[in-house]
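Participant: Numbering (my numbering), first residue to last: 55 to 244. Where a beta carbon is used, it is the ideal one built from N, C-alpha and C, also for glycine. Note that the structure is a prediction, hence the values are computed from the model and not measured.
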């Protein structure tokens with residue numbers, strides 16, 4: 055029996071959170087997935103593909119899930135053309151409405167069902183592009199990256215099966231560092 059959207063969401067937010075030491079293979083995992091996406095998806099929809107999140111920051115402990123930000127030319131066409139392609143490949147798909155504008159989000163899993171990749175498909179006007187400033191700032195300032203790693207470890211221990219509480223616990227730090235990064239880089243981060 056097919057699970058309802060509510061059941062799928064509830065399962066996804068209750069999956070275990072574990073922070074592991076940095077793995078130098080993460081950049082290769084990103085490159086391999088980016089190449090797969092470029093080869094599989096309609097070229098006319100894919101504008102750019104970026105590695106972001108903690109696995110994109112050398113030396114930073116992270117959940118071992120590669121975050122990928124994909125700029126698409128049309129979310130409407132993404133829903134029509136890309137969603138069926140990636141679902142056929144076994145990706146979980148969710149239409150995320152918790153940010154504005156909404157976006158397409160995919161979870162790729164390994165043979166054991168563990169998350170390996172999060173793929174966020176957004177248009178050029180998405181606030182998610184600000185996460186590149188956050189990424190770049192933590193790459194440039196290792197002491198801030200260390201503080202972030204410590205926060206994530208504490209939150210993962212406090213909320214081992216509550217991804218919402220874990221994420222909310224990081225929100226203030228991420229927002230503060232993103233604003234600092236935007237001032238530092240003097241850009242809107244896109």
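(1) Grab me the residues of residue 80's own chain with a C-beta within less than 7 Å of its C-beta, minus the 5 sequence neighbours each way, in chain order.
(2) I need the DSSP call for residue 121, collapsed to helix, strand or coil.
(3) Could you tell me the distance, in whole angstroms, from the CA atom of residue 173 to the CA atom of residue 159?
(4) Cα-Cα, which of 133, 164, 73, 188 is closest to residue 105?
(5) Where does the unbroken beta strand (DSSP E) through residue 176 begin, and where does it stop?
(6) Taking Cβ positions, are residue 280 and residue 122 nearer each other than 8 Å?
(7) Quick check: the region 163-177 against the region 189-207, are at least 3 beta-carbon pairs closer than 8 Å?
Facilitator: The answer reads as follows:
(1) Beyond the five residues adjoining it in sequence on each side, residue 80 comes within less than 7 Å, by CB distance, of 109, 120 in the same chain, given in chain order.
(2) Judged by DSSP in its simplified three-state form, residue 121 adopts strand.
(3) Looking at the two C-alpha atoms, the distance is approximately 6 Å.
(4) For the residues 133, 164, 73, 188, the minimum Cα distance to residue 105 belongs to 188.
(5) Boundaries of the beta strand (DSSP E) around residue 176: 169-176.
(6) Since the first residue shown for the chain is 55 and the last is 244, residue 280 is missing from the structure and cannot be characterised.
(7) Contact fails between the region 189-207 and the region 163-177, because fewer than three Cβ pairs, one in each stretch, are under 8 Å apart.
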